[in-house]
Amino acid sequence: MEKKELDLVAKVAEIFEKNEEFILDKWIGLIKSENIISNESELDYYLTGFKKLIKDFSFYLKIGDFEGYYRGNSELAREIAYNDISYPKFVEAFHLFEDSYSELLTRNIVHCDLLKCMGVIDKIHHTTISRVSQAYFEINDVTVFALAKLAELRDPETGYHLERTREYSVILAKELGCAEDFIANIYKVGPLHDIGKVGIPDRVLLKPAALTDEEYAEMKKHPAIGANVILSIIADHHLSRGYLLMAKDIIMHHHEKYDGTGYPCGLKGEEIPLSARIFAVVDAYDAIISKRPYKPALPHEEALRRIKKDSGTHFDPLVVEAFFRIHETLHKTYEKYKEDFKFGVQVK
Ligand SMILES: [Fe+2]
Ligand SMILES: [Fe+2]
Numbered sequence: 116m117e118k119k120e121l122d123l124v125a126k127v128a129e130i131f132e133k134n135e136e137f138i139l140d141k142w143i144g145l146i147k148s149e150n151i152i153s154n155e156s157e158l159d160y161y162l163t164g165f166k167k168l169i170k171d172f173s174f175y176l177k178i179g180d181f182e183g184y185y186r187g188n189s190e191l192a193r194e195i196a197y198n199d200i201s202y203p204k205f206v207e208a209f210h211l212f213e214d215s216y217s218e219l220l221t222r223n224i225v226h227c228d229l230l231k232c233m234g235v236i237d238k239i240h241h242t243t244i245s246r247v248s249q250a251y252f253e254i255n256d257v258t259v260f261a262l263a264k265l266a267e268l269r270d271p272e273t274g275y276h277l278e279r280t281r282e283y284s285v286i287l288a289k290e291l292g293c294a295e296d297f298i299a300n301i302y303k304v305g306p307l308h309d310i311g312k313v314g315i316p317d318r319v320l321l322k323p324a325a326l327t328d329e330e331y332a333e334m335k336k337h338p339a340i341g342a343n344v345i346l347s348i349i350a351d352h353h354l355s356r357g358y359l360l361m362a363k364d365i366i367m368h369h370h371e372k373y374d375g376t377g378y379p380c381g382l383k384g385e386e387i388p389l390s391a392r393i394f395a396v397v398d399a400y401d402a403i404i405s406k407r408p409y410k411p412a413l414p415h416e417e418a419l420r421r422i423k424k425d426s427g428t429h430f431d432p433l434v435v436e437a438f439f440r441i442h443e444t445l446h447k448t449y450e451k452y453k454e455d456f457k458f459g460v461q462v463k
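Residue numbers for the sequence shown follow my numbering, beginning at 116 and rising by one.
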């Protein structure tokens, strides 16, 4: 930012400092008249957040400390996003906030600088709004993960299986050169892979011995049970892109095999979505090296041996190649979680 712009920001910071109460009063009047808030506690959240925003703006931007200011924005983000205030409402309220001081700027900034000043402030606000939207995304991620954890309660795959597999999948997807969106999505929805197990009867799901053919057939329904839930959401909301589509792919196809002998659809090779091909490998890797009610934990080297043996039949050979390039990082991830999980009891 050039010197002139920095001076203008410092000037606005001063105006905010001197007129904090005036700005807040005017802003409250505006959001009330526009029916942005539905109750008094919502108003409190906004007030706490925006008071902090004005204070930080005056304090940090008077001295040009932009990072300090943006760090403070996370407080606003938390106040707003974590208190069930809808994102569109927040954006509306934020624009009214801009209206609540625009007159002060017109009065206190010389006319020839005004446009430049508005432009600079607009840029700063843009960053603030994206910080807040980030907080909304985080809540959404947490909610999706909570859903997966809830489904996992019925599953003998306890411990940090979901946390570990999603970390492995990100490492592997990066190694495969996947796009940023793809990586963010696999982190978010990978934990849902076995959500359909909620529809499997306990006598099958929790059986501590080998399953009969009939029970195994029952168990093999879990991908379709889970995917159908997601598919109905996709259909109801006419979605054609986004993380739910990847969720459907992983849930439905994580038991497909590269040679077409898997289930439920018997897809072959690249007919199997890449997210599911990645998840098949990391899910198997974690299952092999973890203790399960029906098997002991096996060494990392044994997992390597088995995955290599099944490359091209069960697993996509290219995914396996990438897996072998980063397997040590995956093993470290496994060890990191193992320390927190002792004797079947989560200690953290
Ligand atoms: Fe599964
Ligand atoms: Fe799994």
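Every residue gets a Cβ at the ideal spot worked out from N, C-alpha and C, and that includes glycine. All values derive from a computational prediction rather than experimental measurement.
Exposure label - residue i; buried when at least 16 CB within 10 Å
i: G341; result: buried
i: T428; result: exposed
i: S284; result: buried
i: K133; result: exposed
i: N154; result: exposed
i: E371; result: buried
i: P388; result: buried
i: R420; result: exposed
i: V206; result: exposed
i: T280; result: buried
i: S347; result: exposed
i: I178; result: exposed
i: L268; result: exposed
i: H353; result: exposed
i: Y449; result: buried
i: Q461; result: For Q461, the predicted structure reports a pLDDT of 45, less than 50, and the residue's modelled location is therefore unreliable. The matter cannot be settled from this model.
i: E117; result: exposed
i: S217; result: exposed
i: A294; result: exposed
i: Y373; result: buried
i: H442; result: buried
Residues near residue i in its chain [Cβ-Cβ closer than 8 Å; skip 5 each side]
i: K264; result: L277 and P306
i: K457; result: No answer about K457 holds up, because its pLDDT of 47 lies below 50 and its placement is not dependable.
i: M334; result: I315, V319, L320 and L326
i: L219; result: I130, N134, F137 and I138
i: L382; result: H368, E371 and G375
i: L162; result: L139 and I143
i: C380; result: M367, H368 and E371
i: Y160; result: E194, I195, N198 and I200
Opposing strand residues paired with residue i [DSSP bridges]
i: K410; result: R407
i: S426; result: F430
Residue i versus the options, residue with shortest Cα-Cα distance
i: L168; options: F131, I151, I152 and D140; result: F131
i: G187; options: F165, Y197 and A208; result: F165
i: P408; options: I151, Y302, L162 and L321; result: L321
i: V124; options: R440, L176, K147 and P388; result: L176
i: I200; options: I254, H241, D171 and C232; result: I254
i: M361; options: S189, D317 and V304; result: V304
i: F212; options: E149, Y302, D317 and E385; result: E149
i: E135; options: K170, A208 and E157; result: K170
i: Y251; options: I195, I393 and A332; result: I195
i: F297; options: H226, S426, R269 and A391; result: A391
i: E282; options: V396, D425 and L121; result: V396
i: G384; options: L433, E416, T221 and K118; result: L433
i: D270; options: L230, P323 and I224; result: P323
i: D398; options: C293, R356 and I301; result: I301
i: K518; options: L262, I236, H240 and G274; result: The requested residue 518 does not occur in the structure, where the chain is confined to residues 116 to 463.
i: F394; options: I422, H415 and K410; result: I422
Chain-order list of residues whose beta-carbon lies under 7 Å from that of residue i (same chain, five-residue window excluded)
i: I366; result: L307, H308, I310, G311, P338, G341, A342 and I345
i: L413; result: I403 and I404
i: A437; result: L287, E290 and L291
i: S215; result: I138, K141, W142 and L145
i: F172; result: A128, F131 and Y184
i: K406; result: A412
i: G377; result: H370 and E371
i: D228; result: L123
i: E157; result: I200
i: I244; result: V206 and F209
Own chain, CB closer than 6 Å to residue i, minus 5 neighbours either side, in chain order
i: A418; result: Y400, I403 and I404
i: I349; result: L359
i: A266; result: I310 and V313
i: V259; result: K303
i: D256; result: K303
i: M233; result: none
i: I224; result: C232
i: Q249; result: none
Below-8 Å beta-carbon distance, residue i vs any chain C residue
i: E371; result: Any reference to chain C falls outside this structure, which holds one protein chain only.
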